[in-house]
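Engineer: In terms of full-length UniProt numbering, the sequence shown opens at residue 1 and continues consecutively.
Note that the Cβ used here is the ideal one computed from N, Cα and C, for glycine as well.
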Amino acid sequence: MANLEAGSSSDAIRASRGEYQVFLSFRGPDTRHEFTDFLYHGLRDAGVHVFRDAEELPVGEVIGGNLLRAINNSMIYIPIFSRTYASSKWCLRELSHIVDNTSKSEGRKSILPIFLDVEPEDVKLKTPQYNNALLKHANKFPEEVKAWKKALAEVDEIKGWNVKKDQSQPVIIKSVVKKVLEKLKLKQKAVTEYLVGLDDKVKDLTELLDFNHRDVRLIGIYGMGGIGKTTLAKVVFNVLSSHFGKSCSFLEDVRENMSTKDGTVQLQKKLLSDIVDSECAKGVKDSEEGMRRIGEILNIKRVLVVLDDVDNKEHIKKLIGNNLLHSGSRIIITTRNTAVLQVQGLKGKIIPCEMLKMDDAVALQLFCRHAFGRDSPLVDYHRHSSEIISSIGGLPLAVEVIGSLLNGKTKAFWNETLSSLRNVPEEEIIKKLRISYDVLDYHQKQIFLDIACFFFNKKKTNAIYMWASCQFNPERGIDVLTNRCLIKILDNDRFWMHDQLIDMGRQVVRQESLSDHGKRSRLWIAKEACAIIKTKERAQNLKVLSLTWCHDITTIPDFSKCLGLERLTLAYCSNLKRIESFIGDLQWLIKLKIVFCKGLTDLPKDVGALAKLKHFSLRGCDVQQFPSGISTMINLEELNLSWQRNMKGEIPVGIGELSSLRILNLENTSIWRIPRTINMLHHLQTLNLWNCDAIEELPELPTSLTCLLLGSRSLHSIPNLSNLTNLVTLRLNDGSWGMTRSKLITGCNLRGIGSLSRLEKLDFTMLNVLAPPELASLSHLKSLKLTGLDIKSLVRLPSSYSRFRNLADLRIYWCEVEDIPLDGFPQLERMEVSNCQLLQRFSIPLELTQLRHVELKCCPKLVEIQVVDLSKSLEILYVSMCQSLRRIGGLPYLTNLVRLEIIQCEVLPCVEGLEELESLKYLKVQECPSLRRLIDASCTYISDDCEVFIEKCGYFVKDSPQDLKFTGTSLKRYVEEILQYKVRHLLH
């Protein structure tokens, strides 16, 4: 039975945001600590977000607010009809809302009823069991009872589960979880809109993988590029994933991602995170460590893993390991090369399955879906469609691309396309795909080639910004490329392109000059670029040049004849020492990126001649003076000189001439003065002076700023903030973090802070500067970090004062305060307190209805932590190095606490109420030597699978076993160890 006061529940908060998928409706006294609890944890363990409440509704309340939103936003409802379910008017009201929601959802929502120790006949009101209960309700709620009867009748018509007292509940729960996963399609991979001709292949492969057998099966799907291997693997993964719960992982583009050491580690981390959790992945530093951890995990977990587009045997070893796989595991591999599937040392044989081309009938159907939006050709296009399919040769990628190209085109265009296809041999798929490229306009072609050569699997934001600077109309271009199936935008906003299309795009660039690399528009392979430099070839048509990790170059050749060069990148070329003066001849250059070339100490003044330059970066080089020619780059929009500690002196006054400048980044430089002319930069939005330890003060800054970052150990005064009314992000640091001194002049204050009404993120580190009460009035503030400030006046504000009404993240470090009242923070989600030397008590009040995460660290005088009342939102509590802590009170109020860590609290005698934390999934207690007891092994509500780390907690508390350090030990095993330990002591 869900609680109306769900406003104080993390479940309700998440449901209101659409984060929860399943709503459990149940009668608490009947099922709370038995069937419902087991079902709740079964769903949670499978990765399902479940709404469940812990209490009955208070007398006199009506369903509304967060509870109603919880019902409205859930996708699946599971009413658990127990013997006294109908005795509760609140259960019946919930059921009525559930039925109403489902009927209006047009099939998007489902009800999965469970009849627990009752019969469907009882729910139909054909027996006294429920009928008598409704007769009693009819006296008080006659109108509502009619609706309740209707709701009961409708739900009873739905097939559900009958659970008898003598039945195996785990079997039933497993069946319910499986059905929920199928309906929610959790972990499902997105597949193309038009799936044609795959049914038989999916059926054959799922039968071959038969998940009911306990053996281990590895399948290798092989075939040429573009034939549909990935699509088939995704569909099969979607079919099988519900049978593996959380233990599923689909690793895409293995070949591309594992081309670098970092890419290998990232894929290993993704696999561990998918199957276990992000904590398990955190400690992986290199591929060998990743391989070891994966081997250990796959040895103890039944998993479903797909490795997509593998071209190297080592990839399989690094992603599966050499250990035996757990029984029942299924591994699917897609590749173009069957030799990859013969892996020596792998524990298990990979069964090869060939992916054949589509037959003509199926290919025609897929083509028509893209060309006409239907399954068959229009009347006048039968012959054309059949001939095109005959020319393409049954390759799904080519069918999609050519079909999308012809959509809505004239018959004359169709004839031209067909003529072009006839002139290309059947086996030359690249040339057929080229036809779709050739009809793009100039700007669209440039965007396509850039993605194929440089931006595959890269975030689209920076690329769009660059293309806009080139006036390529990127939004329109990307839309055209997407509609023609040439690219996709993934959910993480990265570009995706089929590897055949990447090959085609790069071939287009190569064909610009087959023998002379220097005459190509783009160079993406460092060796080729370096070869040009060594032979002093003249790259006449070159537009984009990227030289990365070229350690053997000391300078760049004379590119003065490369008049079309638009983008030049020199990255991590450690021996590059000189940029010649002819750099100024590159008049079309719009982006010059020279990063982490540590040998480069200066630039020629001729860079100032780059009149069209918009983006200029010297990040991580060793240039010692602000480049003098920069002030003449009148079109410059972004200037990044960060991470150059040897760059000293003043910014020249001429910087005020850069009227288009939006971003100025001087982070980690030794620049010591900013000129007053910076106020002339009316388009400047971001000024980054973080860790610029030589700066003493700032002049008046432009009002256009939205982001100001200033950190300096030499800071004498706080800049005037009152006119910066557009600021959204502000960080000020006087370098006193964790120190006892600051160079700020006595009396410095944060004048004008109350006028910054748009601020969302604020971070102040300033020793003993008064935190003004006006901070609390910043209504848009979401994140606040205060380090070293005097916050006494701030924490003493009366509760009636308008305080931080949208603040979600509050962090207080090194502030001398005895108490931190937390009333008046209605949106607070995360709270951190560290190194507050005078803090004695910390309370978590009932009002913090959204607080999820609390950390208390290094507070030597903290004596007590108290949870004042029911707090259903808090999920993580971390307490560390609080040497005086003697009590953590009110833990049983934390009904949804998932993670609890208590470390180095030397005088803490016990953890009261720990056994009642039924939602706990992770418990870590270390170096608390005064503990007299921790967990009562004979009476605990903590789940058996809760991960436990207990270490160095004195004589009375046993350490937990540490077989697999990163996955921990289950509570069940720890309790068994405790009981065995006690038995051994009794025997002796």
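Would you be able to state if there are at least three C-beta pairs under 8 Å between the stretch 466-482 and the stretch 417-436?
Structural biologist: no
Engineer: Can you tell me which residues form a DSSP beta bridge with L786?
Structural biologist: DSSP, once it has assigned bridges, lists F764 and I812 as partnering L786.
Engineer: Which residues bound the beta strand (DSSP E) around W672?
Structural biologist: T669 to R673
Engineer: Looking only at its own chain, which residues have a Cβ that is under 7 Å from the Cβ of L449, when we skip the five neighbours before and after it?
Structural biologist: G505, V508, V509 and R522
Engineer: Between the alpha carbons of S880 and K958, how many angstroms are there, rounded?
Structural biologist: 20 Å
Engineer: If you run the structure through DSSP and keep just helix, strand and coil, what is E354?
Structural biologist: strand
Engineer: What do you reckon, are the CB atoms on M831 and V868 nearer than 7 Å?
Structural biologist: no
Engineer: Hey, how far is the Cα of F141 from the Cα of P826?
Structural biologist: Answer to the nearest angstrom: the Cα atoms are 36 Å apart.
Engineer: Going along the chain, which residues of its own chain have a beta-carbon closer than 7 Å to the beta-carbon of E387, five neighbours each way excluded?
Structural biologist: L418
Engineer: Look at the alpha carbon of L732 and the alpha carbon of W467, and state the distance between them as a whole number of angstroms.
Structural biologist: 34 Å
Engineer: Tell me, which residues are paired with I332 by DSSP?
Structural biologist: I219 and V306
Engineer: In terms of residue numbering, what span does the alpha helix (DSSP H) encompassing S278 cover?
Structural biologist: S278 to K282
Engineer: Does the distance from the C-beta atom of R619 to that of N640 stay below 7 Å?
Structural biologist: yes
Engineer: Would the stretch 667-674 count as touching the stretch 688-701 if we require 3 or more Cβ pairs under 8 Å?
Structural biologist: yes
Engineer: Helix, strand or coil for I695 per DSSP?
Structural biologist: coil
Engineer: Is the beta carbon of G913 sitting closer than 7 Å to the one on L891?
Structural biologist: The answer is yes: Cβ separation under 7 Å.
Engineer: Three or more C-beta pairs closer than 8 Å, one from the stretch 722-732 and one from the stretch 697-711: is that the case here?
Structural biologist: Contact holds: three or more Cβ-Cβ distances are below 8 Å.
Engineer: Mind checking whether V948 and S960 have CB atoms under 7 Å apart?
Structural biologist: yes
Engineer: Please report how far the alpha carbon of E288 lies from the alpha carbon of D552, in whole angstroms.
Structural biologist: 30 Å
Engineer: Would you mind sorting W549 into buried or exposed? The rule is 16 or more other CB atoms within 10 Å of its CB.
Structural biologist: exposed
Engineer: Could you check what DSSP says for E55 in three-state terms: helix, strand or coil?
Structural biologist: The predicted position of E55 is uncertain, since its pLDDT is 40 and thus under 50; a value taken from the coordinates is nonetheless stated next. In the structure shown, E55 sits in coil (DSSP, three-state: anything other than H, G, I, E or B).
Engineer: Excluding the 5 residues flanking L838 on each side, which residues of the same chain have their C-beta closer than 7 Å to its C-beta?
Structural biologist: E816, V817, E818 and K861
Engineer: Could you have a look at K174 and say whether DSSP puts it in helix, strand or coil?
Structural biologist: DSSP, reduced to helix, strand and coil, places K174 within a helical segment of the structure shown.
Engineer: Using 8 Å as the cut-off, can you tell me whether the stretch 755-772 makes contact with the stretch 712-724, which would need three or more C-beta pairs spanning the two stretches below that distance?
Structural biologist: yes
Engineer: Name the one or two DSSP bridge partners that L545 has.
Structural biologist: L523 and L568
Engineer: Taking just the CA atoms, how far does R108 sit from R69?
Structural biologist: 17 Å
Engineer: What does a CB cutoff of less than 7 Å around F966 pick up in its chain, not counting 5 residues either side in sequence?
Structural biologist: Because the pLDDT of F966 is 47, which lies under 50, any placement of that residue in the model is unreliable, and the number read from its coordinates should be weighed accordingly. Only C280, G283 and R293 meet the Cβ criterion.
Engineer: Under the DSSP definition of a beta bridge, which residues are partnered with Y77?
Structural biologist: By DSSP's assignment, Y77 forms a beta bridge with F23 and I111.
Engineer: For the beta strand (DSSP E) containing E864, name the first residue and the last one.
Structural biologist: E864 to V867
Engineer: Using the C-alpha atoms, what's the distance from F804 back to S777?
Structural biologist: Looking at the backbone, the Cα of S777 and that of F804 are separated by about 6 Å.
Engineer: Hey, P79 and P120: beta-carbon distance below 7 Å or not?
Structural biologist: Contact flag unset, no.
Engineer: Buried or exposed: where does T554 fall if 16 or more other Cβ atoms within 10 Å of its Cβ makes it buried?
Structural biologist: exposed
Engineer: Give me the Cα-Cα distance between residue 994 and F81, rounded to the nearest whole angstrom.
Structural biologist: One cannot answer for residue 994 here, as it falls past the ends of the chain, which runs 1 to 988.
Engineer: Can you tell me whether P627 is buried or exposed, with buried defined as 16 or more other CB within 10 angstroms of its CB?
Structural biologist: buried
Engineer: Throw me the rounded Cβ distance for the T569 and K593 pair, which I believe falls under 8 Å.
Structural biologist: 4 Å
Engineer: Can you tell me which of the three DSSP states L971 falls into?
Structural biologist: helix
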